[in-house]
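Asker: Numbering (this note's numbering), first residue to last: 764 to 1006. No residue lacks a Cβ here, since even glycine has one placed at the ideal position from N, Cα and C. Pasting in a structure now, in structure tokens, and then I'll have a few things to ask.
Here it is, written out as structure tokens:
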């Protein structure tokens, strides 16, 4: 099964909150199937699902930090209203990236994941480079503290490679725990469009071949182009890979 291709709205910055309709129009015009975002732009909408469905899009998931169960509850309600199924966490290591912080964050995520089951929502942890350095110590702590049926991994290819590891190897080593991908490329330490950097995306897709990974979401934190231009370049690259 080939994953469906979505996009993270981070590259649109504050405009995603101020002009969500305009941003979603751009997303739909460049052949993305779904959207990942934070919850804030959706909270006051009477019918958030319609914002996506009217453009042939779906909400893939919501992405938040660790620590606030009220935010989790808001996200779960929004995901239910939008008939979406993924809640993503990041930042478990806190400011110090310590074992204590990872264990405390794991307790929070485990409680959130148990609550999410009542909504049919799957919880994933999204890595940055901090969790991957030192032999992926952060990821190993999280995975040892939370059962795989409660927490899956969202692998961010940029941050794995930024940490000095191989995204392809990391995916192969953790494939049974992975249910979601963030496709992100880098040149040196800079964010670039897919295919413009050094991440081995053909290898990434070979590593997940035959696995039921529903969504691969394109993400680029910053761009020197317009957000639409950057995301269009990345989408066209994926089309050349048959996605």
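Assuming contact is defined by CB atoms lying nearer than 9 angstroms, are residue 792 and residue 991 in contact in what I supplied?
Answerer: yes
Asker: Shortest alpha-carbon distance to residue 775 belongs to which of 766, 804, 765, 764?
Answerer: Measuring from the Cα of residue 775, the nearest candidate turns out to be 804.
Asker: Identify whether residue 768 lies in helix, strand or coil by the three-state DSSP scheme.
Answerer: strand
Asker: If you follow the alpha helix (DSSP H) that residue 987 is part of, which residue opens it and which one closes it?
Answerer: Counting along the chain, residue 987 falls outside any alpha helix (DSSP H), and DSSP gives it neither H nor E.
Asker: Quick check on DSSP: helix, strand or coil for residue 942?
Answerer: strand
Asker: DSSP state of residue 774, grouped into three classes?
Answerer: helix
Asker: Look at the alpha carbon of residue 850 and the alpha carbon of residue 887, and state the distance between them as a whole number of angstroms.
Answerer: 6 angstroms
Asker: Have a look at residue 798 and residue 875 and give me their C-alpha separation to the nearest angstrom.
Answerer: Roughly 22 angstroms between the two C-alpha positions.
Asker: Using 9 angstroms as the threshold, is the C-beta distance between residue 819 and residue 978 below it?
Answerer: no
Asker: Are any of the Cβ atoms in chain C nearer than 9 angstroms to that of residue 861?
Answerer: The displayed structure is made up of one protein chain only, and chain C is not part of it.
Asker: Just reading off the beta strand (DSSP E) that residue 954 is part of, what are its end residues?
Answerer: 953–955
Asker: Look up residue 817 in the DSSP assignment and give the residues it is bridged to.
Answerer: DSSP lists no partner for residue 817.
Asker: Buried or exposed: which applies to residue 920, given that a residue is buried once 16 or more other Cβ atoms fall within 10 Å of its Cβ?
Answerer: Buried, since its Cβ has 16 or more Cβ neighbours within 10 Å.
Asker: Where does residue 890 land, buried or exposed, given buried means 16+ other C-beta within 10 angstroms?
Answerer: buried
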